[in-house]
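Engineer: Could you have a look at this structure, given as structure tokens, before my questions?
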Amino acid sequence: MTAAAAALRHAAPLLNIRAPIFAGLGAAGLFALVVLVVAIFGDGQFDAPSSTGRVGPVPQSSLVADSAPAEANQNPIAFTAPDEADEVSLTGVNEGFETSHEPVSGSDPAEAAANHAAASTAEAVNPEALSRAPIAGLTEPGPGGPLPIIGANNQRPSRAYARPFHGDPNTPMIGIVVGGMGVNPSVTNAAIENLPPEVALSFSPYVADLQSWIDRARAAGHEVLIEAPMEPFDYPNSDTGPYTLLADGPTEENERRLMWILSRTTGYFGVANYQGTRFSTSRPAVESLMHSLERRGVAYLHDGVGRRSLIDTVGASTNVEYAIADRILDEELSPTIIDQRLLALEALALQNGAALGGGFAYPVTVEQVEAWSQGLELRGYQLAPPSAIMSRRRLEARLAAEAQAGTATHDEGAQHRWMDDAGEGEEHGSGYDDDGH
């Protein structure tokens, strides 16, 4: 055997072991070479295989906030697409939302005027809204603004500015008036917005921007009163302001102060007392007040403090439209006590046909009256504006006086007449048309 043959025989086992290794290295080198060629000469894009066909590129989404002008983003309820964006629509779905006016900032006078116009439009479409004051022909110039007067055809502010009422005369009526409005803006806002429109609101004459408050209240449907500060027993320790009507004050001075109060605003149907425990004991002072209000066609609502009998006597003798509250709701600032007073009004209304309660601008008073009113009809009562109860009581008093004097005539419609409007041409009223008042 030659030497070459012997060498091959000894190397054969090694070749059998290393052959697979050499083959693998060769394949790896070939794959690397292919990748290098593709990277240099190819486009680098590969289409993934699909069993259902080719899937195209996903459209790029476009957000309005990224592409719309900055001013378009100031209005959170206006959605508009860019001009070049593809429109997508769904069956039964609106294409978008558009506001009817520009965003409101309140810093521009033109915007403020637009807001005022929008508020006027809201009043026009609100079925509860009362007419904007003043009504033509019912004012004359006064020391602080327009003074109320009786207009043509005996049109009286007490009826023209009252809330209309056309309830069932056989259903017990309950009226509520809440005083002290305007002093606390948050409570006043809550009363205007949350209390039923049949609840009357009484405003302090010392409030700034008083006419705006009254306009808002009337736009929400509330009839309003203006408060006349009257002397309490502890005056001046209990200070009711520089225009307080005094029990022993000169008639001319009390009249001057009253004219200032009445000319502070317009749109009220009556005057309400603010305090006055001592004032209501002076017959000359009360008579002078009642005569002045009657001459101007303005009603008077007393909260029940002081001598009720004197208010009744003078009210009847001066022929002024007036009423006295049956209960003060919040002499104690307790929800339980206020609820008890409201239940007492229900009992009085069931007994007498009508009842009238008064409260003050306390948060708890507004909250309890609101809650109580929600179930009133289900309990068999109707909420009525105080002017309607005032008119009903006036007619009942006249019929009772006629019956006592033996001069009453048969009138089947008399018990319903307090519901009728005071006369033709008046936009609002809840009086009667029996004796010109």
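Quick note on this note's numbering: the sequence shown kicks off at 97 and runs consecutively.
Heads up, the beta-carbon is just placed ideally off N, CA and C, and yes, glycines get one too.
A quick note: this is a predicted structure, and the numbers were derived from the prediction, not measured.
Given this structure, state the Cα-to-Cα distance separating E417 from S359, to the nearest angstrom.
Structural biologist: Here residue 417 is taken as the residue at index 321 of the sequence shown, counted from 1. Here residue 359 is taken as the residue at index 263 of the sequence shown, counted from 1. Roughly 20 Å separates the two Cα atoms.
Engineer: How many Å lie between N280 and N250 at the Cα?
Structural biologist: One-based indexing of the sequence shown puts residue 280 at position 184. One-based indexing of the sequence shown puts residue 250 at position 154. Their Cα atoms are separated by approximately 37 Å.
Engineer: Report buried or exposed for L439, applying the criterion of at least 16 other Cβ atoms within 10 angstroms of its Cβ.
Structural biologist: Residue numbering aside, residue 439 sits at position 343 when the sequence shown is read from its first letter. Flag for L439 reads exposed.
Engineer: Give every residue of the same chain whose Cβ lies closer than 8 Å to the Cβ of N350, excluding the five residues on either side of it in the sequence, and list them in chain order.
Structural biologist: Working through the sequence shown from its first residue, we reach residue 350 at position 254. Excluding residues within five positions, the ones whose Cβ falls inside 8 Å are L341, L342, A381, S384 and L385.
Engineer: Give the straight-line distance between the Cα atoms of L47 and L425, rounded to the nearest whole angstrom.
Structural biologist: Since the first residue of the chain shown is 97 and the last is 533, residue 47 is not available in this structure.
Engineer: Return the first residue and the last residue of the beta strand (DSSP E) that V273 is part of.
Structural biologist: Walking along the sequence shown from the start, residue 273 turns up at place 177. Looking at the DSSP string, the run of the beta strand (DSSP E) that includes V273 is M269 to M277.
Engineer: Taking C-beta to C-beta, are Y302 and G337 nearer than 8 Å?
Structural biologist: Taking the first residue of the sequence shown as position 1, residue 302 is located at position 206. Taking the first residue of the sequence shown as position 1, residue 337 is located at position 241. Yes, the Cβ-Cβ distance between Y302 and G337 is below 8 Å.
Engineer: Give the range of the beta strand (DSSP E) segment to which E602 is assigned.
Structural biologist: The structure shown has nothing for residue 602, since the chain only spans 97 to 533.
Engineer: How is the beta strand (DSSP E) around L444 delimited, first residue to last?
Structural biologist: What you label residue 444 is simply residue 348 of the sequence shown in a count that begins at 1. Unbroken run through L444 is the alpha helix (DSSP H), P431 to N448; no beta strand (DSSP E).
Engineer: Starting from G411 and walking both ways along the alpha helix (DSSP H), at which residues does that stretch end?
Structural biologist: Reading the sequence shown from its first residue, position 315 is the one you call residue 411. Residues R404 to T414.
Engineer: What are the residues that DSSP puts in a beta bridge with P325?
Structural biologist: Position 229 of the sequence shown holds residue 325. According to DSSP, P325 bridges with Y370.
Engineer: What residues in its chain sit with their C-beta under 7 Å from that of A445, if we drop five residues either side in the sequence?
Structural biologist: Residue 445 sits at position 349 when you count from the first residue of the sequence shown. So the qualifying residues of the chain are P268, M269, I270, A451 and Y477.
Engineer: For G366 versus A412, is the C-beta distance shorter than 8 Å?
Structural biologist: The count along the sequence shown starts at 1 and reaches residue 366 at position 270. The count along the sequence shown starts at 1 and reaches residue 412 at position 316. Going by C-beta atoms, G366 is not nearer than 8 Å to A412.
Engineer: G402: which of R391, S469, P328 and A443 sits nearest, CA to CA?
Structural biologist: Numbered from its first residue, the sequence shown carries residue 402 at position 306. The shortest C-alpha separation from G402 is found at P328.
Engineer: So, do the stretch 494-504 and the stretch 463-472 have three or more beta carbon pairs nearer to each other than 8 Å?
Structural biologist: No, they do not touch.
Engineer: If you reduce the DSSP assignment to three classes, tell me which class R495 lands in.
Structural biologist: In the sequence shown, the residue the question calls residue 495 occupies position 399. The question names Arg, but residue 495 is Leu in the sequence shown. In the structure shown, L495 sits in a helix (DSSP, three-state: H, G or I).
Engineer: G454 and D399 look like a contact to me (Cβ under 8 Å); what is the Cβ gap, rounded to whole Å?
Structural biologist: Residue numbering aside, residue 454 sits at position 358 when the sequence shown is read from its first letter. Residue numbering aside, residue 399 sits at position 303 when the sequence shown is read from its first letter. Sure, about 4 Å apart at Cβ, within 8 Å.
Engineer: Residues in the same chain with beta-carbon distance under 6 Å from S376, minus the five sequence neighbours each way, listed in chain order, please.
Structural biologist: Here residue 376 corresponds to residue number 280 of the sequence shown, with the count starting at 1. G402 and R403, listed in sequence order.
Engineer: According to DSSP, G455 sits in a beta bridge with which residue or residues?
Structural biologist: On the sequence shown, residue 455 is found 359 positions in, with the first residue counted as 1. The partner list for G455 (beta bridge, DSSP) reads V274.
Engineer: Give the DSSP-derived three-state secondary structure of I245 in the structure shown.
Structural biologist: Locating residue 245 in the sequence shown gives position 149, where the first residue counts as 1. It is coil, neither helix nor strand.
Engineer: Measure the alpha-carbon distance for S334 versus T503 and round it to whole angstroms.
Structural biologist: On the sequence shown, residue 334 is found 238 positions in, with the first residue counted as 1. On the sequence shown, residue 503 is found 407 positions in, with the first residue counted as 1. Answer to the nearest angstrom: the Cα atoms are 48 Å apart.
Engineer: When DSSP builds the beta bridges, which residues end up paired with F299?
Structural biologist: On the sequence shown, position 203 is the one that residue 299 refers to. Bridge partners of F299: M277 and I322.
Engineer: When the Cα atoms are used, what is the spatial distance from T235 to T432?
Structural biologist: Your numbering for residue 235 matches position 139 in the sequence shown. Your numbering for residue 432 matches position 336 in the sequence shown. Cα to Cα, the separation comes out at about 43 Å.
Engineer: Over what stretch of residues does the alpha helix (DSSP H) that includes A315 continue unbroken?
Structural biologist: For the purposes of this step, residue 315 is identified with residue 219 of the sequence shown, where counting begins at 1. Segment L306 to A315, the alpha helix (DSSP H) holding A315.
Engineer: Does DSSP put L226 in a helix, in a strand, or in coil?
Structural biologist: Along the sequence shown, read from residue 1 onward, the residue named residue 226 stands at position 130. The answer is coil: DSSP assigns L226 none of H, G, I, E or B.
Engineer: Tell me whether R314 counts as near the ligand FAD, meaning its Cβ is closer than 7 Å to at least one heavy atom of that ligand.
Structural biologist: The model on display carries no ligand, and the ligand FAD is accordingly not part of it.
Engineer: For the alpha helix (DSSP H) containing L358, list its first residue and its last residue.
Structural biologist: One-based indexing of the sequence shown puts residue 358 at position 262. Taken as a continuous stretch (DSSP letters only), the alpha helix (DSSP H) holding L358 covers T347 to L358.
Engineer: From A443 to D422, what distance separates their C-alpha atoms?
Structural biologist: The residue labelled residue 443 in the question sits at position 347 within the sequence shown. The residue labelled residue 422 in the question sits at position 326 within the sequence shown. Straight-line Cα distance between these residues: approximately 11 Å.
Engineer: Could you give the DSSP three-state label for A419: helix, strand or coil?
Structural biologist: In the sequence shown, counting from the first residue as 1, residue 419 sits at position 323. In the structure shown, A419 sits in a strand (DSSP, three-state: E or B).
Engineer: The alpha helix (DSSP H) spanning A256 covers which residue range?
Structural biologist: Start at 1 with the first residue of the sequence shown, and residue 256 comes out as number 160. Element bounds for A256: P253 to A256.
Engineer: Buried or exposed: where does G471 fall if 16 or more other Cβ atoms within 10 Å of its Cβ makes it buried?
Structural biologist: Position 375 of the sequence shown, counting from 1, holds the residue named residue 471. Exposed.
Engineer: Considering only C-alpha positions, which residue in the set G393, R489, L397 and M355 is nearest to Y370?
Structural biologist: If you number the sequence shown from 1, residue 370 lands on position 274. Considering only alpha carbons, the answer is L397.
Engineer: Assign E323 to one of two classes, buried (16 or more other C-beta atoms within 10 Å of its C-beta) or exposed (fewer than that).
Structural biologist: Your numbering for residue 323 matches position 227 in the sequence shown. Answer is buried; the Cβ neighbour count reaches 16.
Engineer: Can you check whether the CB of L291 is closer than 8 Å to the CB of V410?
Structural biologist: For the purposes of this step, residue 410 is identified with residue 314 of the sequence shown, where counting begins at 1. For the purposes of this step, residue 291 is identified with residue 195 of the sequence shown, where counting begins at 1. Taking 8 Å as the Cβ cut-off, V410 and L291 do not qualify as a contacting pair.
Engineer: Between I272 and chain C, is any beta-carbon pair separated by less than 8 Å?
Structural biologist: In the displayed structure, chain C is absent; only one protein chain is listed.
Engineer: For H609, report the span of its beta strand (DSSP E) as first-last.
Structural biologist: Absent from the structure is residue 609, since the part of the chain shown begins at 97 and ends at 533.
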